[in-house]
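**Student:** Be aware that the sequence shown starts at 4, since it is given in our numbering, and climbs by one per residue. Supplied in structure tokens, the structure appears directly below.
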Amino acid sequence: MTPRPPSAFPRLFATAALVQAADQIALAALPVTAVLLLGAGPALVGLLVAAQTAAWLIVSLPAGVVVDRLPAKRVIRIALALGLAGMAAAIAAAELALPWLLAAAVFVASAGTVTFVLVQVGLVPRMVPAAGLPVANARIELARALATAAAPVLVGLLATWLSPAAAYPLAAVLALGALVLGTGLRPADAPPAARPPVLTAIAEGTRFVIRQPLLRAIALCAVFWNFAFIALLAVFVPFALSRLGTDAAGAGLAQGFAGLGMIAGALAAPALLAKLQPRVLLVFGPCVSALAAIAILVAPTFGGIGLAGLAFALIGFGPILWLVMQLTVRQIVTPPELMGRVTATIQVAIYGVRPLGALAGGATAQAFGLDAALGLVAIAFAASALACLASPLARLVALPAPAATAGGL
Numbered sequence: 004m005t006p007r008p009p010s011a012f013p014r015l016f017a018t019a020a021l022v023q024a025a026d027q028i029a030l031a032a033l034p035v036t037a038v039l040l041l042g043a044g045p046a047l048v049g050l051l052v053a054a055q056t057a058a059w060l061i062v063s064l065p066a067g068v069v070v071d072r073l074p075a076k077r078v079i080r081i082a083l084a085l086g087l088a089g090m091a092a093a094i095a096a097a098e099l100a101l102p103w104l105l106a107a108a109v110f111v112a113s114a115g116t117v118t119f120v121l122v123q124v125g126l127v128p129r130m131v132p133a134a135g136l137p138v139a140n141a142r143i144e145l146a147r148a149l150a151t152a153a154a155p156v157l158v159g160l161l162a163t164w165l166s167p168a169a170a171y172p173l174a175a176v177l178a179l180g181a182l183v184l185g186t187g188l189r190p191a192d193a194p195p196a197a198r199p200p201v202l203t204a205i206a207e208g209t210r211f212v213i214r215q216p217l218l219r220a221i222a223l224c225a226v227f228w229n230f231a232f233i234a235l236l237a238v239f240v241p242f243a244l245s246r247l248g249t250d251a252a253g254a255g256l257a258q259g260f261a262g263l264g265m266i267a268g269a270l271a272a273p274a275l276l277a278k279l280q281p282r283v284l285l286v287f288g289p290c291v292s293a294l295a296a297i298a299i300l301v302a303p304t305f306g307g308i309g310l311a312g313l314a315f316a317l318i319g320f321g322p323i324l325w326l327v328m329q330l331t332v333r334q335i336v337t338p339p340e341l342m343g344r345v346t347a348t349i350q351v352a353i354y355g356v357r358p359l360g361a362l363a364g365g366a367t368a369q370a371f372g373l374d375a376a377l378g379l380v381a382i383a384f385a386a387s388a389l390a391c392l393a394s395p396l397a398r399l400v401a402l403p404a405p406a407a408t409a410g411g412l
């Protein structure tokens, strides 16, 4: 009997872990570099962060078309090369103290991350059987959670011990490692697909999300949740300082529990996914977020900053389980030839609503007070939960049937 070839997933997982580590380090390093090396004020820091995050809005939809049209191995190399080029340019920008070059560098690096994530989501179902998708996705999300939690601490230490720009060489090394590993991936080429005009191709992905009941519910749930979460981040620190009797360190520590919750959720995911029906995890994440928002709202009366920290831990724990399960559902019900565009559509919806959440949270706090702003957060989290409860997601007792059989590697 011919031995079965080894799975390519471990190499994809390692590549994804390096990409996420480089991206999170670069994200944490940007404000440190801007303030300590470039002497940037709040306005310039905001513009630089906007340049870094804008790639998720500007690049996602056209990149989704590219992912669905070009061979996966070529897209992987392009994405990882963009990431490395962006990190190298960021090193030069920091050394030369050129804010415009730093803005361009972080945009290019983020564009590489965006494109890699789009192709990664489509490759996992081609490397892992449908039954193994939840565990595979949980492993990737654990790597992301660890990078998210560790990057700010690591960047702070490097800035203190070495240089405010020392994180960018580290990010470049990680990006180079990702490129080396990713170049070794040899996914089988998908069958040739039709190539309509770019705008038509983008519209096809959007229409599929709108018409597919499970995807439509996932998108609605994610939009409301991200609106609520960013609004919460916008108002929590002033709420904690004025209503919870703590200082900036205490407020930051409470928010940091969200990262610990994410890590705990990603670690627990394989066992929970094996024992619980998909609908349980899909409902639990949004519902526990709504309860956590209420807990923060009542924390000045019951529990104080400790209750707020527990609430943030729940906001990290529950939604990462939801994320793993909904990602699995998306991979199963989306035809392979639409995977890039469907992922891009949901991604743009999520990142498009985040600025609205921040503006709404701040404006509500300014006009009606911090309690009203926390009430808005609770309402938006509740809307996310209702979008899930009123949809087929709440009735999903088993993973759905695949939309099509993807080719092997």
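Each residue gets a CB set at the ideal place from its N, CA and C atoms; glycine is no exception.
Which of helix, strand or coil does DSSP assign to L399?
**Tutor:** coil
**Student:** For A220, I'd like the list of residues in its chain whose CB is within less than 7 Å of its CB, leaving aside the five on either flank, ordered along the chain.
**Tutor:** A390, C391, S394, P395 and L396
**Student:** Would you report the Cα separation of L177 and V301, rounded to the nearest angstrom?
**Tutor:** 43 Å
**Student:** Tell me whether D374 sits in a helix, a strand or coil according to DSSP, three-state version.
**Tutor:** helix
**Student:** Can you round the beta-carbon distance between A234 and A383 to whole angstroms, since I take them to be within the 8 Å contact cut?
**Tutor:** Your pair A234 and A383 checks out as a contact, with CB atoms roughly 7 Å apart and the cut at 8 Å.
**Student:** Contact defined as beta carbons within less than 8 Å: I believe T346 pairs with L121. What is the distance between those atoms, to the nearest angstrom?
**Tutor:** 5 Å
**Student:** Ignoring anything shorter than 4 residues or poking outside the region 259-302, list the alpha helix (DSSP H) runs there in chain order.
**Tutor:** Counting only runs of 4 or more, we get 281-301.
**Student:** Starting from V22, trace the alpha helix (DSSP H) both ways and give me its first and last residue.
**Tutor:** Boundaries of the alpha helix (DSSP H) around V22: F12 to L39.
**Student:** Quick one: Cα of A96 to Cα of A19, how far?
**Tutor:** 26 Å
**Student:** With a CB to CB cut of under 8 Å and the five nearest residues on each side skipped, what residues in its chain are close to T408?
**Tutor:** In this prediction, T408 scores a pLDDT of 45, lower than 50, which makes its location untrustworthy; no coordinate-derived value is stated.
**Student:** Could you check where the alpha helix (DSSP H) with A84 kicks off and where it finishes?
**Tutor:** A75 to L99
**Student:** State buried or exposed for W228, treating a residue as buried only when at least 16 other CB atoms are found within 10 Å of its CB.
**Tutor:** buried
**Student:** Between the Cα of G319 and the Cα atoms of G309, R282 and A267, which residue gives the shortest distance?
**Tutor:** The closest CA to that of G319, considering only G309, R282 and A267, is found on A267.
**Student:** Report the start-end ranges of each beta strand (DSSP E) in the region 135-202 that is 3 residues or longer and not cut off at the edges.
**Tutor:** none
**Student:** Does the separation of the CB atoms of P137 and V400 fall below 9 Å?
**Tutor:** no
**Student:** Comparing C-alpha positions only, which one of A112, A153, I308 and A168 sits nearest to F242?
**Tutor:** I308
**Student:** Taking the alpha-carbon of L39 as reference, which of A381, V158 and S113 has the nearest alpha-carbon?
**Tutor:** V158
**Student:** For G309, which three-state DSSP category applies?
**Tutor:** helix
**Student:** Let me confirm a value: T116 is counted as buried when at least 16 other C-beta atoms fall within 10 Å, else exposed. Which label applies?
**Tutor:** buried
**Student:** Using a Cβ-Cβ cut-off of 8 Å (strictly less than) and excluding sequence neighbours within five positions of A54, which residues of its own chain qualify?
**Tutor:** A106, A107, V109 and F110
**Student:** Could you check what DSSP says for D250 in three-state terms: helix, strand or coil?
**Tutor:** coil
**Student:** Flag this pair as touching only if the region 163-173 and the region 28-35 have three or more C-beta atom pairs under 8 Å; answer yes or no.
**Tutor:** yes
**Student:** State the Cα-Cα distance for the pair A404 and G288, rounded to the nearest angstrom.
**Tutor:** Roughly 23 Å between the two C-alpha positions.
**Student:** Taking the alpha-carbon positions, what's the P74 to A24 distance?
**Tutor:** Per the coordinates, the alpha-carbon of P74 lies some 25 Å from the alpha-carbon of A24.
**Student:** Taking its Cβ as the centre, do 16 or more other Cβ atoms sit within 10 Å of G372, making it buried, or is it exposed?
**Tutor:** exposed
**Student:** Can you tell me where the alpha helix (DSSP H) holding A66 begins and where it ends?
**Tutor:** S63 to R72
**Student:** Does L60 get closer than 9 Å to chain D when you measure Cβ to Cβ?
**Tutor:** Absent here is chain D; the protein component of the structure consists of one chain.
**Student:** Considering only the beta carbon of each residue, do A141 and A225 sit closer than 9 Å?
**Tutor:** no
**Student:** Rounded to a whole number of angstroms, what is the C-alpha to C-alpha distance between D26 and E144?
**Tutor:** 14 Å
**Student:** From P303 to Q215, what does the alpha carbon distance come to, in whole angstroms?
**Tutor:** Roughly 43 Å between the two C-alpha positions.
**Student:** Please state whether the Cβ-Cβ distance between A91 and A175 is less than 9 Å.
**Tutor:** With contacts defined as CB atoms closer than 9 Å, A91 and A175 qualify as a contacting pair.
**Student:** How many whole angstroms separate the CB atoms of A114 and A29, which I take to be in contact at a CB cut-off of 8 Å?
**Tutor:** That belief does not hold up - the Cβ atoms of A114 and A29 are roughly 12 Å apart, past 8 Å.
**Student:** Between which two residues does the alpha helix (DSSP H) containing A112 stretch?
**Tutor:** P102 to M130
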